[in-house]
Structures are given as structure tokens and as C-alpha cells.
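Note that our numbering has the sequence shown beginning at 2, numbered continuously upward.
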Amino acid sequence: MATEIRKIGVIGAGQMGSGIAHVCALAGVDVRFNDISADRLAAARELIDGNLRRQVSKGAISDADRAAALERIVTAPTYADLGACDLVIEAATEDEQVKRKIFSELCPVLKPETMVATNTSSISITRLAASTDRPERFIGIHFMNPVPLMQLVELIRGIATEDETFDSARALIDRLGKTVAVSEDFPAFMVNRILLPMINEAIYTLYEGVGSVDAIDTAMRLGANHPMGPLQLADFIGLDTCLSIMQVLYEGLADSKYRPCPLLVKYVEAGWLGRKTQRGFYDYRGAEPVPTR
Ligand SMILES: NC(=O)c1ccc[n+]([C@@H]2O[C@H](COP(=O)([O-])OP(=O)(O)OC[C@H]3O[C@@H](n4cnc5c(N)ncnc54)[C@H](O)[C@@H]3O)[C@@H](O)[C@H]2O)c1
2 MATEIRKIGV
12 IGAGQMGSGI
22 AHVCALAGVD
32 VRFNDISADR
42 LAAARELIDG
52 NLRRQVSKGA
62 ISDADRAAAL
72 ERIVTAPTYA
82 DLGACDLVIE
92 AATEDEQVKR
102 KIFSELCPVL
112 KPETMVATNT
122 SSISITRLAA
132 STDRPERFIG
142 IHFMNPVPLM
152 QLVELIRGIA
162 TEDETFDSAR
172 ALIDRLGKTV
182 AVSEDFPAFM
192 VNRILLPMIN
202 EAIYTLYEGV
212 GSVDAIDTAM
222 RLGANHPMGP
232 LQLADFIGLD
242 TCLSIMQVLY
252 EGLADSKYRP
262 CPLLVKYVEA
272 GWLGRKTQRG
282 FYDYRGAEPV
292 PTR
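Below, the structure written as C-alpha cells:
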């Protein structure tokens with residue numbers, strides 16, 4: 002038995018939260034949009050409007066659809082503003098302590114039947130669920146980046162997730178026109194379990210001087226027919242997120258093959274997080290991205 006989700010809360014107005022708010026609003030779901038930073042929230046609304054306008058110019062949606070979707074996204078400065086939602090999706094920074102703190106402050110202000118989901122790329126759903134007061138109404142809904150364009154959503158149950166929660170989440174994803182792949186609750190699930198070690202290996206390849214940024218990305222685009230090179234993709238995901246996922250794989254599976262590349266650690270320590278900070282393996286400050294090594 003699925004509950005129809007009419008109103009969702011989104012916590013985190015970064016790349017992923019913006020995309021989730023965008024696709025839900027376009028599908029007719031009311032969105033309450035929260036971030037710790039008022040500036041990020043304002044910037045996210047502009048970004049969503051720009052992305053909706055691009056869809057209008059391509060003829061994918063009408064201008065009336067765009068305006069209606071934007072109107073459905075209401076800023077929610079406090080967690081209390083999310084209290085009446087049917088589902089709250091957490092899409093904040095990939096850090097277990099940050100997420101646990103959000104759940105501990107969020108749950109007391111939610112109505113008892115509200116479901117809670119996390120968009121985490123790697124962290125145990127069962128462990129995050131245990132930090133809430135409603136593990137049976139908790140689930141992993143892992144959207145891919147960029148959300149409006151990517152077809153797949155991984156759905157991950159924690160050990161306590163009830164069928165009703167799973168069915169309701171699946172019905173929402175169907176309504177968004179996306180495809181579900183069900184994953185067991187293992188570190189980094191399926192897509193990132195496979196993708197991130199490849200990206201980490203590309204960074205080792207750079208670190209060991211086997212090839213330059215441009216050579217590695219060109220090799221994988223033209224030699225493996227990937228739509229973008231692994232270093233370009235790492236910048237797109239966010240190098241902090243890539244490092245967090247590798248750390249979860251390394252610690253969660255206790256296997257040295259997942260050791261994060263020291264060069265990735267160094268970039269994150271420098272605050273070079275990829276596109277979102279205008280510098281990662283490429284420098285994005287000019288008209289065209291420039292490889293940095
Ligand atoms: N980037 C990707 O390709 C990708 C893909 C799938 C899933 N994810 C997951 O989605 C989540 C978000 O990733 P992102 O790329 O959007 O990160 P991001 O850095 O772009 O955005 C994170 C946002 O969370 C906000 N935030 C931090 N602490 C908060 C708090 N206590 N309350 C409210 N907001 C808070 C930040 O201000 C920021 O706006 C992570 O769990 C990540 O693993 C990322």
C-alpha cells in the first residue's frame with residue numbers, strides 16, 4: 002500500500018537538492034526547500050529557474066509549466082516549516098555527522114506519519130535510519146546528477162524499512178518518470194561502488210604521472226566511449242563528495258583497494274572541490290575549462 006506524496010521537504014539546496022526540488026515541482030508535488038545557508042537557497046531558486054527556462058527553450062515544457070513549478074517551490078527557513086510534509090528528502094553534505102544532526106533536529110517537528118529519505122551516495126541507510134525516531138518510515142532514494150537529466154534512481158531499504166515506505170517512494174519515482182534500480186544496503190550501493198573506484202584510479206593515474214588530466218580524460222572518452230572523462234566527472238560530482246564516498250568504501254568494506262588517492266585528499270584539503278568552487282582538476286574561471294595538470 003503506497004501513500005500518495007503531495008508535499009515534500011528537501012533539505013540541502015546544493016546541486017542535488019536543487020535538482021530534486023526541480024523534478025518534484027515539475028511533476029506537481031509541492032516542495033518546501035531548506036538549507037542552512039539563505040544564500041544557497043536563493044542561488045538554488047535562480048539555478049532552478051534557469052534550468053526550467055532551458056527546458057522551455059528546447060520545447061520540453063511550456064512557460065506556464067515553468068511558472069507553476071517555480072511557484073510550488075517554497076523556501077522553508079526552519080525544519081518546523083517541513084512538519085506537514087508527506088516525505089522529507091535529505092540532500093545535505095555527504096558527512097554522516099551532518100546528516101545525523103539534521104535528523105535529530107528534524108524528527109521531533111515532523112508529523113508521525115511523515116516519511117524521511119536520504120539522498121546519500123554511500124552511507125549506510127540502516128545506520129542513518131537508527132538515528133531517527135522512525136526507522137520503518139526511512140529509506141534511501143539516491144538520485145543521480147544532474148537530476149533533471151538522469152533517468153536512474155537507486156532505491157535502498159534499511160533493515161527496518163516497511164513495505165508501505167518502499168512502495169510510496171517507488172510510486173513517487175514512477176510519477177517523476179524515472180526508473181528504479183533496487184540496491185541492498187551496502188557501502189556506496191551499486192552505481193558508486195563501481196564508478197568511484199574507477200574515478201579514484203584515474204586520480205592515481207594522474208598522481209603517478211602516467212598521463213596528464215587531458216590525456217586521461219581523452220583516453221577514457223575516446224578509448225572507452227565514456228561521455229565524459231573520469232576527472233571531468235569527478236569535478237562535476239564534487240571532489241569532497243568523491244572523497245567521502247571512497248572513505249565509506251574503504252572503511253565499510255575494509256579493503257585497501259578502496260584507499261582514497263592522496264592527490265584527491267590534497268585537492269579537498271585545498272578547497273578545490275571541482276565545478277562548485279570553480280577549481281578542481283580543471284580551472285573553470287575562464288570561458289573554457291583549463292586542465293590544471
Ligand atoms: N554530487 C553528486 O553527483 C551526487 C549524486 C548523487 C547523490 N549525491 C548526494 O547528495 C547529497 C548532496 O550532494 P550535493 O552534490 O548536492 O552537495 P553540495 O555541496 O552541492 O550541497 C550540499 C548542501 O547542503 C547544505 N547543508 C549542509 N549542512 C546542512 C544542514 N545542516 N541543513 C541544511 N542544509 C545543509 C549546504 O549548505 C549545501 O547547500 C550528498 O549526500 C551526496 O552524496 C551527490
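Beta carbons are placed, not taken as given, at the ideal position from N, Cα and C, and that holds for glycine.
Taking its Cβ as the centre, do 16 or more other Cβ atoms sit within 10 Å of residue i, making it buried, or is it exposed?
{"i": "A203", "result": "buried"}
{"i": "Q233", "result": "buried"}
{"i": "T79", "result": "exposed"}
{"i": "L223", "result": "exposed"}
{"i": "S169", "result": "buried"}
{"i": "R260", "result": "exposed"}
{"i": "K100", "result": "buried"}
{"i": "Q98", "result": "exposed"}
{"i": "R286", "result": "exposed"}
{"i": "D40", "result": "exposed"}
Give the C-beta separation of residue i and residue j to the nearest angstrom, bearing in mind that I take them to be a contact with Cβ-Cβ under 8 Å.
{"i": "T242", "j": "G230", "result": "Incorrect: roughly 18 Å between the Cβ atoms, too far for contact."}
{"i": "L71", "j": "L53", "result": "7 Å"}
{"i": "I1", "j": "V183", "result": "In the structure as shown, the chain starts at 2 and stops at 294, and residue 1 therefore has no counterpart that could be examined."}
{"i": "A85", "j": "K179", "result": "No, A85 and K179 are not in contact; Cβ-Cβ is about 25 Å, not under 8 Å."}
{"i": "I21", "j": "I103", "result": "So it is not a contact: roughly 15 Å between Cβ atoms."}
{"i": "G281", "j": "L240", "result": "5 Å"}
Go ahead and pull the three-state DSSP assignment for residue i.
{"i": "G230", "result": "coil"}
{"i": "Y80", "result": "helix"}
{"i": "L244", "result": "helix"}
{"i": "P292", "result": "strand"}
{"i": "G253", "result": "helix"}
{"i": "Y285", "result": "coil"}
Skipping 5 residues on each side, what residues in its chain have a beta carbon closer than 8 Å to that of residue i?
{"i": "S63", "result": "V57"}
Give the range of the alpha helix (DSSP H) segment to which residue i is assigned.
{"i": "V148", "result": "Element bounds for V148: n/a, residue is neither H nor E."}
{"i": "G51", "result": "39-58"}
{"i": "I140", "result": "Premise fails: I140 lies in the beta strand (DSSP E), 139-144, not in any alpha helix (DSSP H)."}
{"i": "R33", "result": "From DSSP, R33 is part of no alpha helix (DSSP H) but of the beta strand (DSSP E) over 31-35."}
{"i": "S19", "result": "16-27"}
{"i": "R171", "result": "164-176"}
In chain order, what residues of the same chain have a beta carbon less than 6 Å from the beta carbon of residue i, not counting five sequence neighbours either side?
{"i": "I49", "result": "S19, H23"}
{"i": "D82", "result": "R33"}
{"i": "M151", "result": "M145"}
{"i": "S257", "result": "none"}
State the start and end residues of the unbroken beta strand (DSSP E) segment that holds residue i.
{"i": "M116", "result": "116-119"}
{"i": "I90", "result": "88-91"}
{"i": "K8", "result": "8-12"}
{"i": "V183", "result": "180-184"}
Could you check if residue i belongs to the surroundings of ligand 3, using beta carbon to heavy atom distance under 7 Å?
{"i": "R54", "result": "In the structure shown, ligand 3 is absent; the only ligands present are ligand 1."}
Once the 5 residues before and after residue i are set aside, which same chain residues still bring their CB inside 7 Å of it?
{"i": "A28", "result": "R176, L177"}
{"i": "V249", "result": "S123, I124, P188, A189"}
{"i": "P136", "result": "A130, G159, A161"}
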